[in-house]
Amino acid sequence: MPNKHLGFVGVGRMGGPMAGRLLEAGYALTIYDTDRSAMARLERRGAKGAGSPAEVASAAETVLVSLPTPDVVKSVALSPSGIVAGTRVKTFVDLSTTGPRVAREVGEALASQGIAAVDAPVSGGPGGAEKGTLAVMVSCPRPLADELRPIFDVIGKVFWIGEKPGMGQTMKLINNILSASAICMTSEALVMGAKAGLDADTMIAVINAGSGRNTATEDKFPRCVLPRRFDFGFSTELLSKDVRLCLETAESLGVPMLVGNAVRQLLALAQATQGPGMDITQIVCTVESWAGVEVRGRAAPSS
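For the sequence shown, the working numbering begins at -10 and goes up steadily by one.
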């Protein structure tokens, strides 16, 4: 097993549950987050708080990060108070979604300082982080991936994508454009059905028994939309970022994405009408407002 003392930067909605699982698995953790309350939750469980990413990287040889945007990842990795300034770190593991370009930039900058960078984005949402069922998309030299395997096994199912920096990011963006497309199209389809007088619960049951089933119909809609809870736990702002990164990557590869661009437009409209902090399951609310109807299941509170 790799060094039992790990660093973890970014212990919020995704990083917090992953860090918690590592604690339960017997790893000692030194952690940092700009949100002091997020750190406190893990400190009560035995983690040691630090004052900066550099301090984390001075306490542990392997540092994992789970951060919201590419710019934040670059700052945490490369700023004067970042991972690169640590005195002990040897391996940087990025569980965030940054896109392949930033993954390569960060990897090259860290490599010049003798720090190995591992591109390992995850998918599965906060629920998967809690349960340890995330898909972990690892790109780095195979021997290093094998060395880190016990850590990754704690948080989910491991897929070695390849050796080149950014390959894991490309895989993650492919996954997320499909996930975003599913929730956007499911929103439009179920609003259409509701407008035609179809029962929401019946629609979901039929779709999930047929060829239209997807992650939105199997989980997000029955759990969060039909009961009108809208609490999946992932913001449309972050999903929009992932879709943007995917489209930029596709353009750089010369691959047209007509449907992907339509998804990006709906996400932008949803944010404009619902607010940037909206949950992704509230995308349906924008379509509902246009159609003048709601997708309500039997579990929804009385209107």
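For each residue, glycine too, the CB sits at the ideal point set by N, CA and C.
Model, not experiment: these values are computed from the prediction.
Does DSSP put residue i in a helix, a strand or coil?
i, result
"leucine 295", "Coverage of the chain is limited to positions -10 through 292, which leaves residue 295 absent and any answer about it impossible."
"leucine 84", "coil"
"glycine 182", "helix"
"aspartate 22", "coil"
"aspartate 231", "helix"
"aspartate 220", "coil"
"methionine 246", "coil"
"methionine 3", "coil"
"glutamine 102", "coil"
"glycine -4", "strand"
Nearest to residue i by alpha carbon, out of the options?
i, options, result
"methionine 3", "Leu12, Arg33, Glu119, Arg212", "Glu119"
"alanine 289", "Met7, Thr122, Val52, Cys213", "Cys213"
"alanine 280", "Ala185, Val143, Met160, Ala14", "Ala185"
"aspartate 188", "Ala29, Arg285, Ala39", "Arg285"
"leucine 167", "Leu133, Leu179, Asp135, Arg233", "Arg233"
"aspartate 60", "Ala183, Glu94, Ala74, Gly38", "Glu94"
"threonine 270", "Val107, Phe221, Ala198", "Phe221"
"threonine 80", "Cys129, Met7, Ala239, Gly264", "Cys129"
"alanine 17", "Ala205, His(-6), Thr204", "His(-6)"
"isoleucine 140", "Gly15, Ser101, Thr262, Thr204", "Gly15"
Exposed or buried, which one is residue i when buried takes at least 16 other CB atoms within 10 Å?
i, result
"glutamine 158", "buried"
"asparagine 250", "exposed"
"glutamate 13", "exposed"
"leucine 242", "exposed"
"alanine 194", "exposed"
"valine 244", "exposed"
"proline 265", "exposed"
"glutamate 277", "buried"
"glutamine 102", "exposed"
"phenylalanine 210", "buried"
Is residue i near residue j, with beta carbons less than 8 Å apart?
i, j, result
"aspartate 83", "valine 54", "yes"
"glycine 1", "alanine 27", "yes"
"valine 298", "leucine 11", "One cannot answer for residue 298 here, as it falls past the ends of the chain, which runs -10 to 292."
"glycine 145", "glycine 114", "no"
"methionine 267", "serine 229", "no"
"asparagine 165", "aspartate 208", "no"
"glycine 96", "proline 154", "yes"
"valine 78", "alanine 49", "yes"
"arginine 253", "leucine 236", "yes"
"glycine 312", "valine 52", "Any property of residue 312 remains undetermined from this structure, which presents the chain solely from -10 to 292."
"valine 45", "threonine 19", "yes"
"serine 200", "valine 273", "no"
"isoleucine 150", "valine 127", "yes"
By how many angstroms is the C-alpha of residue j removed from the C-alpha of residue i?
i, j, result
"serine 70", "arginine 202", "46 Å"
"glycine -1", "tyrosine 21", "6 Å"
"valine 91", "arginine 218", "35 Å"
"alanine 171", "methionine 192", "15 Å"
"alanine 43", "alanine 105", "16 Å"
"phenylalanine 148", "serine 68", "30 Å"
"threonine 76", "leucine 247", "47 Å"
"lysine 161", "threonine 58", "14 Å"
"leucine 133", "valine 107", "8 Å"
"alanine 66", "valine 73", "6 Å"
"threonine 275", "lysine 37", "43 Å"
Any heavy atom of the ligand FMN closer than 7 Å to the Cβ of residue i?
i, result
"threonine 159", "The model on display carries no ligand, and the ligand FMN is accordingly not part of it."
Any beta carbon from chain D within less than 8 Å of residue i's own beta carbon?
i, result
"cysteine 235", "This model lacks chain D altogether, as it is built from one protein chain only."
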